[in-house]
Amino acid sequence: MAEPIIKLRDVNIIFERGLFLRKVQLRAVVNTSLDIEEGKILALVGESGCGKTTLGKVMVGLLKPSSGEVLYKGKDIWRMDRSEFREYRRNAQIVHQDSYAALNPVRTIYHSLSAPFLHYHLARNRRQAREKVAELLQHVGLTPPEQFIDKYPHQLSGGQRQRVVLARAVSLRPKLIVADEPVSMVDVSLRLSLLDLMHKLNEEFGIAFLYITHDLATARYFVKGGRIAVMYLGQLVETGKLGEIVKKPRHPYLQALLSAVPVPDPKLARTKRPLPLRSLEFPDPTKPPSGCRFHPRCPYAEDICAQEIPTLRPLDGRFVACHLAERIPEWHLL
Amino acid sequence: MTSLLSVKDLAVEFDLDKGALRAVNGASLDVQQGEIMAIVGESGSGKTTLAFSIFNLVPPPGKIVSGEIFFDGKEVLSLNPEELRKYRWKEVAMVFQAAQNVMNPVARIADQMLDTAQAHGKTSKGEVIEHASELLKMVRLEPSQVLHSYPHELSGGMRQRVIIALGLLLDPRMLILDEPTTALDVVTQAYILDILTDIRDKLGLTMILLTHDMSIVAKVADRVGVMYAGRIMEVGKVEEIFYDARHPYTVGLIRAAPSLIGDIADKKAIPGSPPDLLNPPAGCPFHPRCAYATSHCAEVVPELKDTGGERLVACHNWQLISGGKQSG
Amino acid sequence: MTATTFSAEIRHFLYRSIYEPFRIVTRDKKAFAGLIILLIFLLMATIGPEIVPLDMRSNFAERFKPPSREHPLGTDYGGRDVLAMIVHGSRDVLSVAFLAALFTSLIAVTIGMIAGLEGGIVDVALSLAINAVLSIPSFPVMLILGSVFKVTNALTFGIVLSIWSWGSLARAVRSQVLSLKEREFIEAARTLGLGTFHVVFRELLPNVMPYVAINFVDTMRGAIGSSVGLMFLGLVPFSATNWGMMLNFAVRQAGAIYLPYAMSYVLSPMIAIMLLELGGVFFAHGLDELLNPRLRT
Numbered sequence: 023m024a025e026p027i028i029k030l031r032d033v034n035i036i037f038e039r040g041l042f043l044r045k046v047q048l049r050a051v052v053n054t055s056l057d058i059e060e061g062k063i064l065a066l067v068g069e070s071g072c073g074k075t076t077l078g079k080v081m082v083g084l085l086k087p088s089s090g091e092v093l094y095k096g097k098d099i100w101r102m103d104r105s106e107f108r109e110y111r112r113n114a115q116i117v118h119q120d121s122y123a124a125l126n127p128v129r130t131i132y133h134s135l136s137a138p139f140l141h142y143h144l145a146r147n148r149r150q151a152r153e154k155v156a157e158l159l160q161h162v163g164l165t166p167p168e169q170f171i172d173k174y175p176h177q178l179s180g181g182q183r184q185r186v187v188l189a190r191a192v193s194l195r196p197k198l199i200v201a202d203e204p205v206s207m208v209d210v211s212l213r214l215s216l217l218d219l220m221h222k223l224n225e226e227f228g229i230a231f232l233y234i235t236h237d238l239a240t241a242r243y244f245v246k247g248g249r250i251a252v253m254y255l256g257q258l259v260e261t262g263k264l265g266e267i268v269k270k271p272r273h274p275y276l277q278a279l280l281s282a283v284p285v286p287d288p289k290l291a292r293t294k295r296p297l298p299l300r301s302l303e304f305p306d307p308t309k310p311p312s313g314c315r316f317h318p319r320c321p322y323a324e325d326i327c328a329q330e331i332p333t334l335r336p337l338d339g340r341f342v343a344c345h346l347a348e349r350i351p352e353w354h355l356l
Numbered sequence: 009m010t011s012l013l014s015v016k017d018l019a020v021e022f023d024l025d026k027g028a029l030r031a032v033n034g035a036s037l038d039v040q041q042g043e044i045m046a047i048v049g050e051s052g053s054g055k056t057t058l059a060f061s062i063f064n065l066v067p068p069p070g071k072i073v074s075g076e077i078f079f080d081g082k083e084v085l086s087l088n089p090e091e092l093r094k095y096r097w098k099e100v101a102m103v104f105q106a107a108q109n110v111m112n113p114v115a116r117i118a119d120q121m122l123d124t125a126q127a128h129g130k131t132s133k134g135e136v137i138e139h140a141s142e143l144l145k146m147v148r149l150e151p152s153q154v155l156h157s158y159p160h161e162l163s164g165g166m167r168q169r170v171i172i173a174l175g176l177l178l179d180p181r182m183l184i185l186d187e188p189t190t191a192l193d194v195v196t197q198a199y200i201l202d203i204l205t206d207i208r209d210k211l212g213l214t215m216i217l218l219t220h221d222m223s224i225v226a227k228v229a230d231r232v233g234v235m236y237a238g239r240i241m242e243v244g245k246v247e248e249i250f251y252d253a254r255h256p257y258t259v260g261l262i263r264a265a266p267s268l269i270g271d272i273a274d275k276k277a278i279p280g281s282p283p284d285l286l287n288p289p290a291g292c293p294f295h296p297r298c299a300y301a302t303s304h305c306a307e308v309v310p311e312l313k314d315t316g317g318e319r320l321v322a323c324h325n326w327q328l329i330s331g332g333k334q335s336g
Numbered sequence: 361m362t363a364t365t366f367s368a369e370i371r372h373f374l375y376r377s378i379y380e381p382f383r384i385v386t387r388d389k390k391a392f393a394g395l396i397i398l399l400i401f402l403l404m405a406t407i408g409p410e411i412v413p414l415d416m417r418s419n420f421a422e423r424f425k426p427p428s429r430e431h432p433l434g435t436d437y438g439g440r441d442v443l444a445m446i447v448h449g450s451r452d453v454l455s456v457a458f459l460a461a462l463f464t465s466l467i468a469v470t471i472g473m474i475a476g477l478e479g480g481i482v483d484v485a486l487s488l489a490i491n492a493v494l495s496i497p498s499f500p501v502m503l504i505l506g507s508v509f510k511v512t513n514a515l516t517f518g519i520v521l522s523i524w525s526w527g528s529l530a531r532a533v534r535s536q537v538l539s540l541k542e543r544e545f546i547e548a549a550r551t552l553g554l555g556t557f558h559v560v561f562r563e564l565l566p567n568v569m570p571y572v573a574i575n576f577v578d579t580m581r582g583a584i585g586s587s588v589g590l591m592f593l594g595l596v597p598f599s600a601t602n603w604g605m606m607l608n609f610a611v612r613q614a615g616a617i618y619l620p621y622a623m624s625y626v627l628s629p630m631i632a633i634m635l636l637e638l639g640g641v642f643f644a645h646g647l648d649e650l651l652n653p654r655l656r657t
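Taken in sequence, the protein lines are chains A, B and C.
Residues in the first sequence are numbered from 23 upward in steps of one, following the numbering used here.
Residues in the second sequence are numbered from 9 upward in steps of one, following the numbering used here.
Residues in the third sequence are numbered from 361 upward in steps of one, following the numbering used here.
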């Protein structure tokens, strides 16, 4: 197996809220380790507030961990010198959820896309830059390029904008793209085409993707044979090959999640029985439960769950963070 | 059987500087008593404007330019202000999109309930609170906990359920819900959808559910109306729509809906992009994206016709599509 | 870089910062009226002096004459035509106001952007400066500055006027930068490694400029008021046709307010100033409506 290009080791992110005496700590990411393999796709799945976006930002170096390491080619990015860090920066890009906020509203598409080419001297003058931008637009399916190149972001549709954002992320041929909910603000009929495009970029340029989402169905579509990591309240609860994990999840949270996701098939949608959780409400992240953070809602929780934090351990071909994983009843997605 | 709600050829136009935008362009729909009708459409489909029209609350610069809406025999668009006040909230109530975020932040839930009730003439505080408590229990909330709370003390899912209870406070006969589960996590979403079917069974309430998510439709709808570019393209029972879709857009939507089960290779996006409502395509608005389109489709707007068994379809070539296999 | 793409760029920029806002503003009737008034004064300042001749020679036989066909606004204490003085004075008034607004904008943008971008102690220090400038009333400060510095031309006058007026604009620029700083497109510029220069001049500045351009008229209005006030008080003996100076002479030195038939002499500069300010206020009213939905930063 190839050496992973980015490795997170025991990363903790602690945010502080409030002023002066009433400071509260929010551990958004707790002791998390994760590998991104070269050219592979990994889905990071969880619901809002679970820390997945924060983890994505750590991976592209926008956020410095409170503790732990972010290793690029074996070296901690926060200890690199300027030129090493520059090389890392070029190789880790981000695609945001809101394509309108991700583009400067007062700059044309040409300006937003040509900036990296001109900055890194990949194009020596405006004519070359325009050519390169046109080529880039074609790569992301925005043809003919002349139709888009001098427009402003608000003149494009959501799907088109997101393609521009993707084009920008790809322009420097990075090794990794962190895509944070890239299709949630795009019309449903177009989502799959955007995911197909990302797949094409993955295959054509060997770019690894970290696909962050709360939508398991699109994760399944995008990841195909790849891996998935599920997060709950700042911790990874289950990781492994997506196909196996979705068919037979071992962590109770994932079981509850999968049973709650509706499917576009009336007969099947109405026969699934949800896993009864003890509480619908997420705990306050500033006052997380002791031990396993999921235990207050878990229908199988025992004493040990409140006492000890479970760590990811290998089981049945994947990794699960649950003390009782072997003993809880099996759950199948049909 | 006469429908509880009957929308006939509704057209709503927005007068913008760039031109006139037809958000709803000749939409017709019937909703029966006691059913959950899902109106599915993407951004620009016109479903929210349609809902506002049923409620007779289209915000300016929009105005209803033609069509009629009958609720229980009464024509809604020609009611005078007094009758309109009785109609809104007492006969038809609406849960707006992201309503949970626009609750009055400085009023407790109990007070918000009382305000609503009193604004409509119900003055007995005790009765209102009792009724509110029953409704809160129906949406699986604990009244003693919720009534005294402020909105920010409740989670998003709880607030959404409170909004639903508020909508039911005056015992309306129909409830319109616009994307009631956006911004909620999957588990809460499943819970709320269960609550909606519960309410339909226990109260015999008629509901119109607006959504873009085919999976939600599959889970709760009794009947489905598919909307595109301001028109209703197909109507039918939920199984008919999913297993025997007759409109290419419906087929496309189902195929474009990713799923946890089934073969990924069957899934495909709909080519093209949503229509520009300021300059809609001639003829059928879907034809630029349609695999079955002919030159006839580019010229003549298809009418919404009954193709047998109350299956309404607006497509010239529906016979080519019907009988094709689609699975979730 | 071809000439066409460069000029297209300039055109785009001008369109978005000036033409488009103006077009939107003119939909508001009040703002439109304001714009017309301002344009009239602008015409007066630019081509007026070419059309209306000014004869500054004294003709005491004609002094303090009321309005007539020969002198539509009467004459001053030296028998000179008031209308001609108003027209010629407008050039000075507007150029001083323009320069003052220019310097104010430059200072405000620089300070606002540095404070917003740097954060930390730099921001704290600059915010303190901004607050000081805002809390200490500017007119008294300008009085002091006016009497200390020698103001000889429009340029120096403009500088003096701008020294204490950049506070509110700087604060607005700072808040805009603070909110833009966290926006996704700035994050993207960071991950692409584009550097601070790029972020400041190519990403942030184009966002801030429309706001500054729109506030320019308002800043000019403030400068007009201050400049007239200073000249009226005789602190800045600038040029005789300048309206403030006209008022100064009229009221203080010639005692024209005691002469009923010389009313037009006293009132003309006052009304001119009032109209100009009114035009600015009305126009700014339309700007207000424009600003809020547009600045969705």
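For every residue, glycine included, the Cβ atom is placed at its ideal position computed from N, Cα and C.
For residue i, which of the options has the nearest alpha-carbon?
{"i": "residue 450 of chain C", "options": "C:642, C:644, C:640, C:629", "result": "C:629"}
{"i": "residue 427 of chain C", "options": "C:550, C:620, C:470", "result": "C:620"}
{"i": "residue 229 of chain A", "options": "A:238, A:278, A:164, A:219", "result": "A:219"}
{"i": "residue 625 of chain C", "options": "C:431, C:399, C:641, C:521", "result": "C:431"}
{"i": "residue 340 of chain A", "options": "A:252, A:102, A:309", "result": "A:252"}
{"i": "residue 276 of chain B", "options": "A:132, A:346, A:243", "result": "A:243"}
{"i": "residue 218 of chain B", "options": "B:31, B:81, B:104, B:114", "result": "B:104"}
{"i": "residue 299 of chain B", "options": "B:318, B:244, B:329", "result": "B:329"}
{"i": "residue 195 of chain A", "options": "A:172, A:184, A:177, A:158", "result": "A:158"}
{"i": "residue 549 of chain C", "options": "A:169, A:187, A:160", "result": "A:187"}
Hey, would you say residue i sits closer than 8 Å to residue j, going by beta carbons?
{"i": "residue 514 of chain C", "j": "residue 418 of chain C", "result": "no"}
{"i": "residue 54 of chain A", "j": "residue 257 of chain A", "result": "yes"}
{"i": "residue 160 of chain B", "j": "residue 116 of chain B", "result": "no"}
{"i": "residue 280 of chain B", "j": "residue 37 of chain B", "result": "no"}
{"i": "residue 268 of chain B", "j": "residue 268 of chain A", "result": "yes"}
{"i": "residue 117 of chain A", "j": "residue 202 of chain A", "result": "yes"}
{"i": "residue 277 of chain A", "j": "residue 206 of chain A", "result": "no"}
Interface residues of chain A around residue i at Cβ under 7 Å?
{"i": "residue 29 of chain B", "result": "Simply none; closest approach about 15 Å."}
Under 8 Å Cβ-Cβ, which residues of chain A neighbour residue i?
{"i": "residue 554 of chain C", "result": "137, 138, 141"}
{"i": "residue 499 of chain C", "result": "In chain order: nothing, as chain A lies at least about 36 Å away."}
{"i": "residue 51 of chain B", "result": "180, 209"}
{"i": "residue 567 of chain C", "result": "126, 127, 128"}
When you measure from the CB of residue i to every non-hydrogen atom of the ligand MN, does any distance come out below 7 Å?
{"i": "residue 310 of chain A", "result": "You won't find the ligand MN in this model; it holds no ligand whatsoever."}
Would you mind reading off the limits of the beta strand (DSSP E) that contains residue i?
{"i": "residue 21 of chain B", "result": "13-24"}
{"i": "residue 31 of chain A", "result": "28-39"}
Counting only Cβ pairs nearer than 7 Å, list the residues of chain B close to residue i.
{"i": "residue 181 of chain A", "result": "281"}
Starting from residue i, follow the alpha helix (DSSP H) in both directions and report where the run begins and ends.
{"i": "residue 145 of chain B", "result": "133-146"}
{"i": "residue 185 of chain A", "result": "180-192"}
{"i": "residue 170 of chain B", "result": "164-176"}
{"i": "residue 53 of chain B", "result": "Here residue 53 of chain B belongs to no alpha helix (DSSP H), and DSSP marks it neither H nor E."}
{"i": "residue 89 of chain B", "result": "89-95"}
Note down, in chain order, every chain C residue with its Cβ under 9 Å from the Cβ of residue i.
{"i": "residue 194 of chain A", "result": "552, 553"}
Could you work out which residues of chain C lie near residue i, taking near to mean beta carbons separated by less than 8 Å?
{"i": "residue 120 of chain A", "result": "544"}
Note down, in chain order, every chain C residue with its Cβ under 7 Å from the Cβ of residue i.
{"i": "residue 123 of chain A", "result": "543, 544, 545"}
For residue i, return the contacting residues in chain B, with the cut-off set at a CB-CB distance below 8 Å.
{"i": "residue 218 of chain A", "result": "277"}
Practice prompt. Jot down the residue ranges of each uninterrupted alpha helix (DSSP H) in the stretch 446-526 of chain C, minimum 4 residues, whole runs only, in chain order.
Written response: List check, alpha helix (DSSP H) in window: 480-495, 498-508, 514-522.
Item to complete: Output the residue ranges of the alpha helix (DSSP H) runs that lie fully inside the stretch 253-321 of chain B and measure 4 residues or longer, sorted by chain position.
Response: Runs found: 256-263.
Practice prompt. Scan the stretch 68-146 of chain A and note each continuous beta strand (DSSP E) run of 3 residues or more that stays entirely inside, going in chain order.
Written response: Qualifying beta strand (DSSP E) stretches, in chain order: 89-94, 114-117.
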